[in-house]
Every structure is written in structure tokens, then in C-alpha cells.
Amino acid sequence: MSQERTTDPSKIDFRKKFELGGKVIVITGACGLIGRAFCEAAAQFGAHIVLADIPAAKPEEAAKALEEKHGRKMLGFGLDVAKKNEVIALKAAVEAEFNRCDGLVNGHQNKTKSFFEPFEEYGEDNWDAVVETNLKGTFLTCQIIGTWMTALGGGSIVNIPSTYSVVAPNQNLYKGTSLGCPAAYSASKGGVDALSRYLASYWANKKVRVNMITPHGVWNNHEQQFEDNFARFSPMERLSYNHEVASALIYLLSDASSYVTGDNLLVEGGWTVW
Ligand SMILES: NC(=O)c1ccc[n+]([C@@H]2O[C@H](COP(=O)([O-])OP(=O)(O)OC[C@H]3O[C@@H](n4cnc5c(N)ncnc54)[C@H](O)[C@@H]3O)[C@@H](O)[C@H]2O)c1
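Heads up: take any position in the sequence shown, counting from 1, add 305, and you land on the numbering used here.
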């Protein structure tokens, strides 16, 4: 359907383009703030979701709840995305359960204990932990699950960089708050952005599309000062909500974006437009 050769749009069922019925979508960081919205949204559009997250986040429990709500098989899988043998085990579990994979969404991130350390004192271990999870984890899932999708005949990968791989953080945003944005985070996300563009070109002729969603300032009971600062710097004068990010995912995972690859869909309320 996605490549129907016609100039007559009346022949096209545009609603159907957004359907994910029967598709199998692997989502990492599935138990996180945005991951949870990704899972629910893709499930509402008909997909089987593989919820992948660290064991402490209890992805099996989240999968069971999603399965009961939607009456469709879901799979929970505990892993560290930065460990190759664990990503291989994830792929094997998806193959055993569904024998197919249509989409991969990399929604994980590592917020280490000392994540907000100042740059001048940022520990090597801290840097490594952030970059290893955020960037190497995305490399490994793309390598193992993306390669499998090329063999299956196609699919859609959606990676999540950050506003802070597109522009530098405005340090005034954090004035009077306990928050910040470490360089390790920006650098790791810059790597995710470059890797995604590389793979979009590398796998275009294998029918695996590779795109990105850049969320920004997703509300999570932030301290009031941060919310006030954010409103001052944002064209839309507010934080976003996780469900507003998830709508973009349906577009990129589905046939609706059949001619889109290498794109970074900014869901950032115009933050980088001025
Ligand atoms: N929240 C925002 O405002 C915002 C803005 C821009 C980009 N992002 C990006 O969006 C994505 C989701 O953000 P979020 O706010 O939902 O984050 P979150 O911290 O709420 O969720 C991240 C999830 O990743 C999981 N995780 C951590 N280490 C892992 C590992 N080694 N293996 C597997 N899973 C692991 C965590 O357990 C958690 O469930 C992240 O990549 C983040 O960098 C978020």
C-alpha cells in the first residue's frame, strides 16, 4: 500500500496508513516517562509491544498490564542495552515469541547518580556510563535488531537524540534550580543523531527507515522555578507532555511516513526556531 503507483488520492485510505495492526515494535526505556507513552500509543494503534528496560524497572509487569488492557500479546524483557549479549538475548526472545520485528524505538537513557556534576569535575566513570548507555546502547540495538529487520525485508527505527544535540543548552534555564544538562548527555545524543543519519543512508535500500524524535522539556512534576524559567524561554510558554511526543512516534513507525528517512522530528514547542 505504501508505494501504490497512483496520482489519485481518492484511492488511498489515509487512516489506514497510521495503523500498526499486528506489527511488532521493540521499545527500549519502555518503563520511562516517554517510553510509557510510546508503548500505550503504539498499542492503541494495534501493535504488539516488546517492552525492554533494565530489570529494576520491571518491564515484565508493565508488559502484562499492557497485554491485559489491549487483549494482545506483549513481551517484557529486562536488559542492559549496553551489553551485546543481552541485546542478542532480546532479539532471540522477540524471534521466539513473534518471529518478526517491524519497529525499533530507542527510548533509553542513563541518568547516573552524579548526572548533574559540573563539567570541570565530571568523572570519567560518569562520562563513560552516560555515553555507554545512550550511544553504545543505541548502536547495539540498531546493529542487532536493525540488521535483523533488513533480513526480514524492512522496518522502521526511531532513535531519540535531544534538543541538546541540536543546540546548546541555555544555562539560564537552570538558574535557581537543582537541574542542568551535562556535556556527556549532549555529546552522547550528538552521537545518536550522527549514527541515525548514517544508518538512514546505509539501510535506505534495505527498506529500513531510520528517523529521530527530539522531545523537549517533558513535564514530570518539575520544580516550579524550572517550569517558570522554561515558560520564559519557550515560544509556546510551557513544558510538553509525554503523550504529545508519542503521537509523532505513530507517524514515524507507520506507513504514513513511508517516504521519510533520516529525519529528526522536533517535538520541542519551537525551542530551536528563534
Ligand atoms: N524527558 C525529556 O524532557 C527529554 C527531552 C529530550 C530527550 N529525551 C530523551 O527521551 C528518551 C526518554 O526520556 P525519558 O524522560 O522518558 O527518560 P526516563 O529517564 O524517564 O526513562 C529512561 C528509561 O531508560 C531505562 N534505562 C536506563 N538505562 C538503561 C539500560 N542500560 N538499558 C535499558 N534501559 C535503560 C530506564 O530504566 C528508564 O526506564 C531519553 O533518551 C531521553 O534522553 C527526553
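Just so it is clear, CB atoms sit at the ideal spot from N, CA and C, and this is done for glycine as well. Remember, predicted model here, so these are calculated numbers, not experimental data.
Mapping DSSP to helix, strand and coil, what is residue i?
i      : result
Asp430 : helix
Met541 : coil
Ala357 : strand
Arg502 : helix
Arg514 : strand
Gly485 : coil
Ser461 : strand
Pro314 : helix
Leu325 : coil
Thr519 : strand
Asn569 : strand
Phe350 : coil
Gly376 : coil
Val578 : coil
Gly496 : helix
Gly337 : coil
Val472 : coil
Distance check for residue j and residue i, CA to CA, integer angstroms please.
i      : j      : result
Ser491 : Ser470 : 5 Å
Lys363 : Val355 : 13 Å
Gly327 : Tyr503 : 29 Å
Gly381 : Gln349 : 17 Å
Pro487 : Gly496 : 15 Å
Ser467 : Glu400 : 31 Å
Ala387 : Thr446 : 9 Å
Val331 : Leu409 : 5 Å
Glu365 : Gly383 : 7 Å
Trp432 : Leu558 : 31 Å
Val473 : Glu549 : Inspection of the sequence shows that residue 473 is occupied by Ala rather than by Val. The straight-line gap from Cα to Cα measures roughly 23 Å.
Ala398 : Gln476 : 43 Å
Gln529 : Ser506 : 43 Å
Gly451 : Arg341 : 22 Å
Gly460 : Ile449 : 13 Å
Gly575 : Pro520 : 11 Å
Ile359 : Ala536 : 33 Å
Ala434 : Glu422 : 13 Å
Cys336 : Pro314 : 39 Å
His413 : Asp318 : 34 Å
Thr443 : Asn464 : 8 Å
His527 : Leu325 : 33 Å
Phe420 : Arg405 : 37 Å
Arg514 : Tyr427 : 36 Å
Ile393 : Leu440 : 17 Å
Ser483 : Glu391 : 34 Å
Thr312 : Tyr564 : 16 Å
Ala367 : Tyr546 : 20 Å
Ala347 : Lys369 : 15 Å
Gly458 : Ser307 : 14 Å
Gly481 : Val578 : 25 Å
Ser501 : Tyr556 : 17 Å
Tyr479 : Val523 : 15 Å
Give the residues whose C-beta lies closer than 5 Å to at least one heavy atom of ligand 1, in chain order. This selection yields Gly334, Cys336, Gly337, Leu338, Ile339, Asp358, Ile359, Ala362, Asp385, Val386, Gly412, His413, Gln414, Asn415, Thr438, Ile465, Ser467, Pro520, Val523.
Only counting runs of 3 or more residues, tell me where the beta strand (DSSP E) segments fall wholly within the segment 384-463, in order along the chain. 408-411
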